[in-house]
Every structure is written in structure tokens, then in C-alpha cells.
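Undergrad: Residue numbers (the numbering used here): 138 to 489. Structure in C-alpha cells, see below.
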């Protein structure tokens with residue numbers, strides 16, 4: 138037996154699941170004094186990337202199972218929280234034995250590769266990382282690598298995707314600081330259950346690279362000034378963190394020549410046969426800014442006279458974005474700085 142109220146209630150349940158964009162229906166008289174009911178279902182159009190972070194569960198096989206039920210959910214799910222809760226319940230029923238009845242929750246994350254939001258389906262209680270072991274290492278001790286990973290992973294529990302990300306970002310960075318740019322992590326063995334995880338990572342460290350050429354590329358650059366500011370040392374271990382710091386010094390030096398918005402871009406080239414790394418630095422210089430006017434507020438007449446005496450940058454000269462700090466240091470050395478409760482520096486740009 139059926140009536141319109143029951144049909145409306147059933148369609149509302151479908152709508153409340155969040156799985157469908159729209160749910161409508163029509164009916165007409167059918168055989169045997171019954172009715173033929175037709176549901177018009179619209180799939181959700183707004184989907185977001187999703188990950189099944191369930192310990193001990195084959196993620197690919199579980200996605201295949203879910204996609205058979207909902208063909209459009211190919212590692213993507215609707216953005217609507219109700220739909221995500223519905224899928225979590227479906228997963229709980231399907232994986233009941235493996236999860237031993239654990240509830241599945243959703244967590245929103247930012248994908249480090251794309252910057253887009255990602256929804257993670259994971260058990261309410263993640264397994265603790267009880268052991269992290271490494272094979273094939275010589276450059277670091279196992280304890281040093283554990284400390285690198287622990288700073289990133291903390292005590293949040295084990296998710297394989299997070300662990301691989303930490304290897305690829307943090308451990309790789311540690312190796313690049315030792316000149317090891319071809320480090321690989323070809324194998325990760327895990328022993329994991331609902332309570333704990335033990336992980337063994339195989340590391341191929343690769344050769345150590347030395348710094349080769351470090352060149353500045355671009356027209357009208359004060360190359361000698363930039364080279365002196367950076368202080369590159371060809372032949373030394375190619376520590377990438379130090380290289381970025383030296384590029385930052387060169388960028389700040391260029392800013393001080395009036396190119397207030399200068400941004401450096403670094404390209405690295407590895408030479409396998411020589412085990413050397415060449416660095417090429419180019420700049421988006423932006424417009425050249427010139428100093429126009431110095432405005433002082435909150436000073437007495439004598440203090441302002443002293444300040445203007447110390448200020449040496451003349452109108453029309455390229456604007457040195459770091460000069461304001463140099464000026465303040467000199468000014469406070471000439472007066473009793475305790476008489477000022479606070480101070481601030483603001484730059485007013487002329488769009489012309």
C-alpha cells in the first residue's frame with residue numbers, strides 16, 4: 138500500500154542523504170489497479186577530492202566498491218556534509234569487520250600539492266605510531282630521521298598518506314641540506330592495526346652534490362653586488378636551505394636599489410656525472426621606486442630637526458626599502474629612546 142505522503146517522505150529521505158542534487162517524482166495508473174512511480178534523480182555536480190585513510194584497508198579496492206554503488210564518486214565525494222556522513226555510514230557497514238565496529242569521521246584538509254580542500258574518511262581513533270625504522274641510511278641516524286618526522290607528524294596518529302607526505306617534504310629537505318638531491322623512498326613496510334603502527338622505510342640516499350655555478354640572469358642587474366650579497370661558495374656541499382637563504386639576501390639587496398617589489402626565482406640543474414648542482418637566479422624586478430618625501434609625526438621641533446639632519450636619502454633617488462630601519466637606528470642613538478612609547482614606519486606608494 139502506498140500514498141502520496143509516503144512517497145513524499147521517501148523522496149525527502151533521499152534528498153536528506155545529500156547524495157543527490159535533486160529528487161523529483163511522477164506517477165500514473167499502472168497494472169493491477171496499482172501505480173507506476175518514476176523518480177527523477179539529479180546527481181550532485183559539486184564534488185571534492187577525497188581520501189580513504191582507514192588503517193589496514195585496501196583503499197583502491199574500497200573505492201572500486203564505492204564507485205559501483207555511486208559511479209560518479211571516483212575518489213571524489215559531494216561537498217555537502219550530509220552526503221559525506223552518508224558515505225561514512227556506508228563505509229562503516231561495508232568495513233564493519235575490519236574496523237571492528239569503529240565509527241568513521243571526516244576531516245577537512247588542504248592538499249599540499251594542489252592547495253585545494255580534501256576530505257579524509259578516517260576512524261575516530263587513529264593508531265599510534267609505536268616504531269619508525271629505516272634501512273639503507275648512512276647520512277643520518279635512525280633517531281635523527283625519527284626526530285625530523287616527529288616534528289611534522291606529532292602525536293596525531295598514523296595515516297599512510299600523511300607519512301608519505303612527511304617523507305617527501307621534510308625528510309627530503311633534510312637530505313637536500315646534505316646535498317643529497319636524488320634521495321628515494323622506494324618501499325614502506327607497515328604493520329598496522331586499529332591501535333598501533335610500526336613502520337619500516339627503505340631509503341636510497343643517492344650521491345652527494347657540490348655547488349657548481351651560481352649565476353644571476355637578467356638585464357640591467359647589479360650582478361657583482363648581488364653575488365657579494367649572496368656569498369655563494371662553489372665547491373661546497375650544495376645545501377639547498379642555505380642556497381635559498383643566500384638567494385634571499387640577494388633579493389633584499391636588489392630591493393635596496395629601488396626595486397621594492399623584486400622577487401627572485403631559482404632554478405637548479407643537477408649534473409649527474411659530475412655530482413654538481415648549478416643555480417640560476419632570475420628576478421621579477423617590478424617598477425623602480427624613487428624617494429619622494431619624508432613625513433614625521435609626533436616629534437618636537439628639535440627632535441624633527443635632528444631627524445631631518447640624520448636622514449640622508451634625497452628626493453628622486455632610488456628608494457632603499459631598508460633605509461628606514463637604518464635611519465631609525467641612527468636617530469635613536471642620537472636621542473633618548475625611552476621617551477617614545479611606540480613608533481611605526483609606513484610607506485605610501487604613488488601609483489604613477
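By construction, the Cβ of each residue, glycine as well, lies at the ideal position given by its N, Cα and C atoms.
If you check the beta carbons only, do residue 341 and residue 308 fall under 8 angstroms apart?
TA: Contact: no.
Undergrad: Does DSSP classify residue 218 as helix, strand or coil?
TA: Reduced to three states, the DSSP call for residue 218 is helix.
Undergrad: Under the rule that 16 or more other beta-carbon atoms within 10 Å means buried, what is residue 388, buried or exposed?
TA: Residue 388 comes out buried.
Undergrad: Return the CA-CA distance between residue 395 and residue 153, expressed in angstroms with no decimal places.
TA: The alpha-carbon atoms of residue 395 and residue 153 are separated by roughly 60 angstroms.
Undergrad: Could you check how far apart the C-beta atoms of residue 331 and residue 264 are, in whole angstroms? I think they sit under 8 angstroms.
TA: About 6 angstroms; that satisfies the 8 angstroms criterion.
Undergrad: On a Cα-Cα basis, can you pick out the residue from 209, 190, 249 and 252 that is closest to residue 229?
TA: Residue 229 has its Cα closest to that of 190, out of 209, 190, 249 and 252.
Undergrad: With respect to the beta strand (DSSP E) encompassing residue 462, which residues constitute its N-terminal and C-terminal limits?
TA: Unbroken run through residue 462 is the alpha helix (DSSP H), 460-471; no beta strand (DSSP E).
Undergrad: Does the beta-carbon of residue 360 have 16 or more other beta-carbons within 10 angstroms, so that it is buried, or is it exposed?
TA: Exposed: under 16 other Cβ atoms inside 10 Å.
Undergrad: For residue 306, tell me which candidate among 290, 140 and 329 has the shortest Cα-Cα distance.
TA: Residue 306 has its Cα closest to that of 290, out of 290, 140 and 329.
Undergrad: Check for me: the beta strand (DSSP E) holding residue 175 runs from which residue to which?
TA: Residues 172-180.
Undergrad: Using the Cβ count rule (16 or more neighbours within 10 Å means buried), how would you classify residue 165?
TA: By the neighbour-count rule (16 or more Cβ atoms within 10 Å), residue 165 is not buried but exposed.
Undergrad: Looking at residue 220: is its Cβ nearer than 8 angstroms to the Cβ of residue 178?
TA: For residue 220 and residue 178, no; Cβs fall outside 8 angstroms.
Undergrad: Would you tell me roughly how many angstroms separate the C-alpha atoms of residue 251 and residue 453, rounded to the nearest one?
TA: Spanning the two alpha carbons is a distance of roughly 44 angstroms.
Undergrad: Nearest to residue 247 by alpha carbon, out of 257, 370 and 205?
TA: Of the candidates 257, 370 and 205, the one whose C-alpha sits nearest the C-alpha of residue 247 is 257.
Undergrad: For residue 380, report the span of its alpha helix (DSSP H) as first-last.
TA: 377-392 is the extent of the alpha helix (DSSP H) around residue 380.
Undergrad: Starting from residue 312, follow the alpha helix (DSSP H) in both directions and report where the run begins and ends.
TA: Taken as a continuous stretch (DSSP letters only), the alpha helix (DSSP H) holding residue 312 covers 309-313.
Undergrad: Going by other Cβ atoms of all chains shown within 10 Å of its Cβ, with 16 needed for buried, is residue 206 buried or exposed?
TA: With fewer than 16 Cβ atoms within 10 Å of its Cβ, residue 206 is classed as exposed.
Undergrad: Looking only at its chain, what residues have a beta carbon closer than 8 angstroms to the beta carbon of residue 472, apart from the 5 residues adjacent to it on each side?
TA: Cβ neighbours of residue 472 beyond the five flanking positions: 440 and 443.
Undergrad: Report yes if the C-beta distance between residue 216 and residue 185 is below 8 angstroms; otherwise report no.
TA: Yes. Within cutoff.
Undergrad: I need the DSSP call for residue 296, collapsed to helix, strand or coil.
TA: Looking at residue 296 - three-state DSSP - the assignment turns out to be coil, as it is neither helix nor strand.
Undergrad: Which residues mark the beginning and the end of the alpha helix (DSSP H) in which residue 324 is found?
TA: Looking at the DSSP string, residue 324 is not in any alpha helix (DSSP H); the run it does join, the beta strand (DSSP E), is 321-329.
Undergrad: Along the beta strand (DSSP E) that carries residue 351, what are the first and last residues, could you check?
TA: It spans 347-354 - the beta strand (DSSP E) in which residue 351 sits, taken as one unbroken run.
Undergrad: What do you get for residue 316, buried or exposed, if any count of 16 or more other CB atoms within 10 angstroms of its CB means buried?
TA: Its Cβ being crowded by 16 or more others within 10 Å, residue 316 is buried.
Undergrad: Based on the DSSP secondary-structure assignment, which residues constitute the bridge partners of residue 246?
TA: DSSP lists 255 as partners of residue 246.
Undergrad: Suppose you measure from the CA of residue 172 to the CA of residue 235; what does that come to, to the nearest Å?
TA: Going from the Cα of residue 172 to the Cα of residue 235 covers about 43 angstroms.
Undergrad: How far does the beta strand (DSSP E) with residue 425 in it reach, from first residue to last?
TA: Here residue 425 belongs to no beta strand (DSSP E), and DSSP marks it neither H nor E.
Undergrad: Going by alpha carbons, who is nearest to residue 266 out of 254, 328, 243 and 211?
TA: Nearest option by C-alpha distance: 328.
Undergrad: My understanding is that residue 346 touches residue 318, with C-beta atoms under 8 angstroms, so please give their C-beta distance in whole angstroms.
TA: That pair is a contact at about 6 angstroms.
Undergrad: From which residue to which residue does the beta strand (DSSP E) around residue 158 run?
TA: Segment 157-166, the beta strand (DSSP E) holding residue 158.
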